[in-house]
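Accompanying notes for the structure given below.
2 protein chains.
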Amino acid sequence: MKNLLLCCFLIIGFAGSGHAGNAVSPTPNGIAFPEDYKDWRVISSSHRLDNNTLRVILGNETAIEAARSGQTNPWPNGAILAKLVWKDSTLPSWEKAVVPGEFVHVEFMIKDSKKHQNTGGWGFARWKGLQQEPYGQDASFVYECFGCHTPVKENDYVFTHPSIIP
Amino acid sequence: MKNLLLCCFLIIGFAGSGHAGNAVSPTPNGIAFPEDYKDWRVISSSHRLDNNTLRVILGNETAIEAARSGQTNPWPNGAILAKLVWKDSTLPSWEKAVVPGEFVHVEFMIKDSKKHQNTGGWGFARWKGLQQEPYGQDASFVYECFGCHTPVKENDYVFTHPSIIP
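If you're matching them up, the sequences are chains A and B in order.
Numbering of the first sequence is given in this note's numbering, commencing with residue -16 and proceeding in unit increments.
Numbering of the second sequence is given in this note's numbering, commencing with residue -16 and proceeding in unit increments.
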């Protein structure tokens, strides 16, 4: 009985620590989910009319410092940008306002000019839906991301320009 | 010469302390500018198609805790919601995306069910433009704000619903 109880404690303890430690799987290119991203501060927002999604762009400490001091071309190593994406929705209380509906995904750009030198100095990662499922069949998915970002090479491969926040 | 230098130091010192202390004037209803609002965390965003503005809604610590635990009807005393508003703009790199352009204003709803009992428990405040000029000719401007929010009385007078952020 004593051994059974000990076993139960060990199993519960192991499961608990696993969940608290890293419940979300890394991407195929080995990027770990930034667990604290929703505590990061805001850099900008956007509304894509071609696919009807609303976006909020957050930054980690290094990114926020860079954005506020205008040092974003290039962004410094260590900067991470997070983009939260929702499908368009509306509220009955204000039908002429588009608001975030279903959560689509959160995606990240992680600046490390050495580690990610083949993709403009940026590591790309995306986790889909509420299940937070890593995007990409294998590590080569980053070339799909990088291809889309190549037209903004002159802005260090970043579409976002930090918004004016006085 | 010595007196002139002392005078210069005093003037510089006075101007400096004034700026660091509270450069932004309070609103006519006596609400002080929340200097740290741009470090608050994100609650939601919206895009108003009737007046072509993009918005990001942030919350102070109390508001974020309420939003994440679903305790927003009513919002707790001490919660403050900040809404940042920009005119619609576009980027040459992605013309089908609407992004924040010129900064319009930042406005706040401050929950204090006793102090602001005449306006649904909310204190209203707005600072306009990069000059951060307080909105309102006198303290009665809050009834204009409150009037607009009355249709969402059933949602504690708040238009915003916290977005899903896993």
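Using N, Cα and C, we set each Cβ at its ideal position, and we do this for glycine too.
- Beta-bridge partners assigned by DSSP to valine 141/B: none are found.
- Against chain A, the beta carbon of isoleucine 147/B has neighbours under 8 Å at Trp69, Pro83, Glu85, Phe86 and Leu113, listed in chain order.
- Listed by position along chain A, the residues whose Cβ is nearer than 8 Å to that of aspartate 22/B are Arg24.
- Looking at the DSSP output, leucine 32/A sits in no beta bridge, so it has no partner there.
- In chain order, Ser76 and Trp77 make up the part of chain A whose C-beta sits under 9 Å from the C-beta of proline 134/B.
- When DSSP states are grouped into helix, strand and coil, lysine 21/B belongs to the helix group.
- The alpha carbon of histidine 88/A has as its nearest neighbour, out of Lys79/A, Lys66/A, Lys98/A and Arg31/A, the alpha carbon of Lys66/A.
- Spanning the alpha carbons of valine 25/B and isoleucine 148/B requires a straight line of approximately 9 Å.
- The three-state secondary structure of proline 134/B, taken from DSSP, is helix.
- The C-alpha of leucine 113/A lies about 11 Å from the C-alpha of valine 7/A.
- Taking CB atoms only, arginine 109/B has no neighbour in chain A less than 8 Å away.
- Of all alpha-carbon atoms in Pro17/B, Asp121/B and Glu85/B, the one lying nearest the alpha-carbon of alanine 62/B is that of Pro17/B.
- Per DSSP, reduced to three states, the secondary structure at alanine 46/A is helical.
- By the 16-neighbour rule on beta-carbons within 10 angstroms, alanine 50/A is buried.
- A straight-line Cα-Cα distance of about 5 Å links lysine 70/B and glycine 84/B.
- Within chain B, the residues placing a beta-carbon under 8 Å from that of phenylalanine 142/A are Leu74, Ser76, Trp77 and Ala80, ordered along the chain.
- Under the Cβ criterion (8 Å, minimum of three pairs), the segment 98 to 116 of chain B does not count as touching the segment 50 to 59 of chain A.
- In the same chain as tyrosine 118/A, and ignoring 5 residues on each side of it, the C-beta atoms closer than 8 Å to its own belong to Thr10, His88, Glu90, Ala108, Arg109, Trp110, Lys111 and Phe124, in chain order.
- Less than 8 Å separates the beta-carbon of leucine 64/A from that of threonine 143/A.
- Pairing serine 28/B with valine 39/A gives a Cβ-Cβ distance under 8 Å.
- By the 16-neighbour rule on beta-carbons within 10 angstroms, lysine 94/B is buried.
- Taking a Cβ-Cβ threshold of 7 Å, the residues of chain B close to serine 29/A are Ala80, Val81 and Val82, in chain order.
- Counting only the Cα atoms, aspartate 33/B lies some 36 Å from proline 57/A.
- From the listed residues Thr102/B, Asn35/B and Asn101/B, the smallest Cα separation to valine 82/B is found for Asn35/B.
- With 16 or more neighbouring CB atoms inside 10 Å of its own CB, cysteine 128/A falls in the buried class.
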